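If you read the sequences in order, they're chains F and H. With our numbering, you'll find the first sequence wraps up at 155, consecutive numbering, no jumps. With our numbering, you'll find the second sequence wraps up at 419, consecutive numbering, no jumps.
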Amino acid sequence: MRNPTILVSDDEPLLVNALKREARRFGIDVIIDTKSNVVELAQAQRPDLIVLDIHQSLDGRDLLAALKKNPETRDVPVIMLSANEDQFIRHCCFELGACDYEVKPFDPSFVRKVARMVGHHDEGPAPVH
Amino acid sequence: MPTTVERSRALDARRSLIFACASVAALASSVVQLATQHKQASEQWWELSSVVVCGVTAVLLRSPKAGTRQGALIAATLFYVVTMPLVALTLQRVTDVVLVFALPLGLGVVFIDRLPVVVTVSIAAVLINPLVLLKLGWSAEDMIHGVAVMVALYGAAVLGSLEFARYRKRDDEHVLQLQHAAGHQVENERLVVLGRLAADVAHEINNPLAFVTSNLAFLEKQNAQTEENREVWSETREGLERIGAIVTDLRGLARAAPAGVTVVRVEELLRRTVRVASMRAASTVAFEVRVEADLEVCRGDEQRLSQVLLNLVINACDALEGRKEPAPRIKLSAQNEGGRVTLKVDDNGPGIAPEARSQLFTAFFTTKPVGQGTGLGLSLSREYVEAFGGTLTLAASSLGGACFVVTLPQDA
């Protein structure tokens, strides 16, 4: 049985690494996309959830719309990430089908929320090196 | 903006009035002279020519074409410059031609935009000229006729000048309104640019802040074994939260379109203002926030209110610049007064000079040195506050400096 898998699409590699590190503590596998290839990757890898940044090389809202239009990816829940709290953009994202909208810097409990959404609750210890 | 062309047209319209009056006066004079058979033929011809010249000039001065109006004035001037000396010398009536006709006509046409000059000369002439004519041995009939023409022409000159002065006052008020609107436009455009910049800055700061916060949480879980370590993580986390709060505050202030009237949490508003203003204030400025117990909310446009309060606090910071003794203080307070919420920004600076107080809320008025502020701040601040039912006034300061007071409706 494979681990819960999330696809993180953000053009900031350090942020994606930080999220990946946190998600691994919850036993969640992370697929990384830093080149706005989220639709192709989602189609190929079938993640349980997508975390999608709005401000990348392609507009995150367009990518969200494409995901929701594609029959193979339309049912995957999408959490939008944004560096700006903008009510209009937030509303737009929910209209396009996002299930949540998180503003950076996000709360440290964000990854716990993601873990609950993919049905994984156990937070493992931080790895000791 | 009204142009020089428009003002020139307005001037000529008033000059037209004077020429029309001269035409009527000359016609009346001709009729009287013909009836009494008092005048010589050459004088009668001259008067009849004046009727035509003045009448045509009066009509042409109303033309929309500047060339036509100018041509009419030049032609009329040439006619009188050539014929008046001839008439005066031929009839040996230099003085009355000058006093009764030339002077009022010339005064009105040349000095029409200088009302004080026209009024003063007209009053003096109407009082003095009849005495001069009497001295010259004019008959009673000629006196009545001469004074009537004189009064008509001087009266027309005064009327034309008065009309132009009224037109210019309306014009100047219109120009001021346009300047005020232009100033608002500049301020709004500045806010739009600021908003875009703030959005870019927020994005550039929030991105690294996100992974720094996340990585910090990760490291904290690994290394928080000692009390000292826990303290260090806690302080570092607080620093990151402050960075995030400042970015949020700046974005909130810079948004171009106002969000509308809502319930505003008073203490949060004042503390946020202090947070942003302290970036600009010297480190020696002591800020104090005091909110009356039981006062939680007020009604207003939160974004506009934040901008207004920040403007007032920054003005206070500027007034306290360089101050060492006594230590600079700025106090922000909020209380309930007579069913309204009162927000005060009080400082211990030099205060507002008495001569500046009456113009404080006038657009473009400033007490700051050239290049440091447009003076639009207080005028626009008052407009913003009044737009959602509030007031902005200057009051007596409890700290000895300046105190600005914003009153707002309390949330029902």
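All residues carry an ideal CB built from backbone N, CA and C; glycine is no exception. Everything numeric in this text was worked out from a predicted model, so none of it was measured.
Query, Result
"If you drop the 5 nearest sequence neighbours on each side, which residues of the same chain put their C-beta closer than 6 Å to that of H:Thr398?", "Thr414"
"Considering Cα atoms alone, identify which of H:Ala147, H:Leu327, H:Leu166 is closest to H:Val116.", "H:Leu166"
"Report the start-end ranges of each beta strand (DSSP E) in the stretch 308-340 of chain H that is 3 residues or longer and not cut off at the edges.", "none"
"Taking the DSSP output, what are the residues bridged to F:Phe132?", "F:Phe132 pairs with nothing; no bridge assigned."
"Residues of chain H with a CB under 9 Å from the CB of F:Phe132: which are they?", "Ala217, Thr220, Ser221"
"So, does the CB of H:Ala252 fall closer than 8 Å to a CB anywhere in chain F?", "no"
"Going straight from the alpha carbon of F:Gly86 to that of F:Glu128, what length do you get?", "13 Å"
"Quick check: H:Thr97 and H:Leu143, are their CB atoms within less than 8 Å of each other?", "no"
"Among H:Ala403, H:Gln192, H:Ala334, H:Val320, which has the Cα closest to the Cα of H:Thr474?", "A question about residue 474 of chain H goes unanswered here, because the residues of chain H that appear run from 8 up to 419."
"DSSP beta-bridge partners for F:His81?", "F:Asp85"
"I'd like to know whether the C-beta atoms of H:Leu68 and H:Arg22 end up nearer to each other than 8 Å.", "yes"
"Judging by CA-CA distance, which residue of H:Val270, H:Arg244, H:Arg249, H:Ala42 is the nearest neighbour of H:Leu420?", "Look at the range of chain H in this structure, 8 to 419, and you will see that residue 420 of chain H is not part of it."
"With 8 Å as the threshold, decide whether the Cβ of H:Phe171 is near any Cβ in chain F.", "no"
"Can you tell me whether F:Asp125 is helix, strand or coil according to DSSP?", "Contrary to the premise, residue 125 of chain F reads as Cys rather than Asp in this sequence. Correct three-state label for F:Cys125: coil."
"If contacts are defined as beta-carbon pairs under 8 Å, then H:Leu401 and H:Arg364 qualify, I think. What distance do you get, rounded to the angstrom?", "6 Å"
"What does the alpha-carbon distance come out to for the pair H:Ala33 and H:Ala189?", "50 Å"
"Quick check: is the beta carbon of F:Val154 nearer than 8 Å to any beta carbon in chain H?", "The pLDDT assigned to F:Val154 is 39, lower than 50, so where the model puts this residue is not dependable, and the model offers no usable value."
"List, in order along the chain, the chain F residues whose C-beta lies closer than 7 Å to that of H:Asn214?", "Glu38, Leu41, Ala109, Lys130"
"I need the DSSP call for F:Ile54, collapsed to helix, strand or coil.", "coil"
"So, for F:Pro103: in the same chain, excluding its five sequence neighbours on each side, which residues have a beta-carbon less than 6 Å away from its beta-carbon?", "Leu75, Cys125"
"Reducing DSSP to helix, strand and coil, say where H:Thr381 ends up.", "With a pLDDT of only 48 at H:Thr381, under 50, the local geometry of the prediction cannot be trusted, and no value is derived from it."
"Of the residues that make up the stretch 224-246 of chain H, which ones have a beta carbon closer than 8 Å to any beta carbon in chain F?", "Ala224, Phe225, Lys228, Gln229"
"Quick check on DSSP: helix, strand or coil for H:Lys351?", "strand"
"Under the DSSP definition of a beta bridge, which residues are partnered with H:Cys410?", "H:Asp353, H:Ala402"
"Determine whether the Cβ of F:Leu33 lies closer than 8 Å to any Cβ atom of chain H.", "no"
"Step through the CB atoms of chain H and report whether any lies within less than 8 Å of the CB of F:Ala44.", "yes"
"Quick one: does F:His81 have its CB under 8 Å from some CB of chain H?", "yes"
"Along chain F, in chain order, which residues have C-beta atoms closer than 8 Å to that of H:Thr255?", "Glu111"
"Given a threshold of 16 other Cβ atoms within 10 Å of its Cβ, counted over all protein chains shown, does H:Asn322 qualify as buried or as exposed?", "buried"
"Starting from H:Glu295, trace the beta strand (DSSP E) both ways and give me its first and last residue.", "293-298"
"Is H:Val154 helix, strand or coil when you go by DSSP?", "helix"
"The beta strand (DSSP E) with H:Leu106 in it runs from where to where?", "Note, H:Leu106: premise wrong, no beta strand (DSSP E); not H, not E."
"Along chain F, in chain order, which residues have C-beta atoms closer than 7 Å to that of H:Ala334?", "Within chain F, no residue comes near H:Ala334; the closest Cβ sits about 36 Å away, beyond 7 Å."
"Determine the DSSP secondary structure at F:Asp74, reduced to helix, strand or coil.", "coil"
"I want to verify the contact list: residues of chain F whose CB lies under 7 Å from the CB of H:Ala209, in sequence order.", "Ala109, Asn110"
"Considering only residues of the same chain and omitting the five flanking positions on each side of H:Thr90, which have a CB-CB separation below 8 Å?", "Trp53, Ser56"
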